[in-house]
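Following numbering that gives the first Met the number 0, the numbering of the sequence shown begins with 0 at its first residue and continues without gaps. Where a beta carbon is used, it is the ideal one built from N, C-alpha and C, also for glycine. Following: one structure in structure tokens, then a few remarks.
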Amino acid sequence: MGTSTGFKDTPRVVVPFRDAAIRVSDYDEIHTEGLVDQLRNQGGRCMDCGVPFCQSERVVPSTISFRERNDLVYRGRWRDALERLHQTNNFPEFTGRTCPAPCEGACVLGIIEPAVTIKNIKNAIVDRGFAEGWIKAAPPLVRSRYKVPLLDLGQQVSRQRPAQSRRTSGHSL
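Shown next, in the form of structure tokens:
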């Protein structure tokens with residue numbers, strides 16, 4: 000994972016917010032764009048923890064491999080990081096923005112140093128995916144005659160994933 004001393008050699012650098020006076024006049028992203036080298040270095044801060052609390056089922060809703068994604072970003076393998084992200088999350092483009100990032104609070108490094116910037120890295124992976132054209136709509140090739148009702152979907156990713164699989168199977172929602 001990253002480098003063995005990345006968490007010692009590289010300080011935490013969070014992608015800053017845009018100026019509030021400018022943000023109130025538009026609906027653009029609230030953060031400035033993170034620099035690629037800065038985000039790569041942040042990915043290198045992720046340690047190979049014996050017990051990675053950031054991935055605990057009590058912290059995140061599914062078995063998400065933050066450490067693997069962070070390592071892929073550190074190595075410059077952004078597309079692989081995006082594919083790994085999509086294995087556990089069908090909608091990272093909005094769940095990454097709305098998530099309060101309890102994984103960062105559970106980061107083992109956070110006990111002695113500022114935690115790894117997991118949320119910034121995740122959002123940067125998605126932003127890069129759109130910029131490079133790696134994320135595209137995937138409508139079903141054939142639509143079925145079935146309609147599937149979804150009740151109280153809310154922001155629960157656990158319900159969105161089955162909905163997306165029904166949609167890609169051709170069923171209307």
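Review point. Using the C-alpha atoms, what's the distance from residue 140 back to residue 114?
Key: Walking along the sequence shown from the start, residue 114 turns up at place 115. Walking along the sequence shown from the start, residue 140 turns up at place 141. For residue 114 and residue 140, the distance between alpha carbons rounds to 43 Å.
> Across which residues does DSSP place residue 85 in a beta bridge pair?
Replying inline: As a working note, residue 85 is residue 86 in the sequence shown. According to DSSP, which records beta bridges pairwise, residue 85 is partnered with nothing at all.
Check: Taking just the CA atoms, how far does residue 144 sit from residue 19?
Finding: In the sequence shown, the residue the question calls residue 19 occupies position 20. In the sequence shown, the residue the question calls residue 144 occupies position 145. Straight-line Cα distance between these residues: approximately 48 Å.
Please classify residue 38: is it buried, with 16 or more other beta-carbons within 10 angstroms of its beta-carbon, or exposed? Here the question's residue 38 lines up with position 39 in the sequence shown. It counts as buried.
Review point. Considering residue 45, what are the terminal residues of the alpha helix (DSSP H) in which it resides?
Key: Within the sequence shown, residue 45 is the residue found at index 46, counting from 1. Taken as a continuous stretch (DSSP letters only), residue 45 belongs to no alpha helix (DSSP H), as it is neither H nor E.
Please identify the residue among 118, 21, 84 whose C-alpha is closest to the C-alpha of residue 11. What you label residue 11 is simply residue 12 of the sequence shown in a count that begins at 1. Considering only alpha carbons, the answer is 118.
Starting from residue 34, trace the alpha helix (DSSP H) both ways and give me its first and last residue. Within the sequence shown, residue 34 is the residue found at index 35, counting from 1. Note, residue 34: premise wrong, no alpha helix (DSSP H); not H, not E.
**Report entry** Reduced DSSP secondary structure (H/G/I, E/B, other) of residue 16
**Finding:** In the sequence shown, residue 16 corresponds to position 17, counting from 1. If DSSP states are grouped into helix, strand and coil, residue 16 belongs with the strands.
Practice task
Please go through the stretch 63 to 149 and give each complete alpha helix (DSSP H) segment of 4 or more residues, from N-terminal end onward.
Solution key: 65 to 73, 77 to 87, 91 to 97, 101 to 105, 117 to 131
> Exposed or buried, what is residue 25 when buried is set at 16 or more other beta-carbons lying within 10 Å of its beta-carbon?
Replying inline: Here residue 25 refers to the residue found at position 26 of the sequence shown. Its Cβ having fewer than 16 others within 10 Å, residue 25 is exposed.
Checklist entry - Hey, quick one: how far does the alpha helix (DSSP H) through residue 52 stretch, first residue to last? => result Taking the sequence shown and counting its residues from 1, the one referred to as residue 52 is at position 53. Residue 52 -> no alpha helix (DSSP H), and no H or E assigned at all.
query = So the alpha helix (DSSP H) residue 25 belongs to, where does it begin and stop?
reply = Start at 1 with the first residue of the sequence shown, and residue 25 comes out as number 26. Counting along the chain, residue 25 falls outside any alpha helix (DSSP H), and DSSP gives it neither H nor E.
| field | Distance CB(residue 135)-CB(residue 95) smaller than 7 Å | value | Against the sequence shown, residue 135 aligns to sequence position 136. Against the sequence shown, residue 95 aligns to sequence position 96. No. Outside cutoff.
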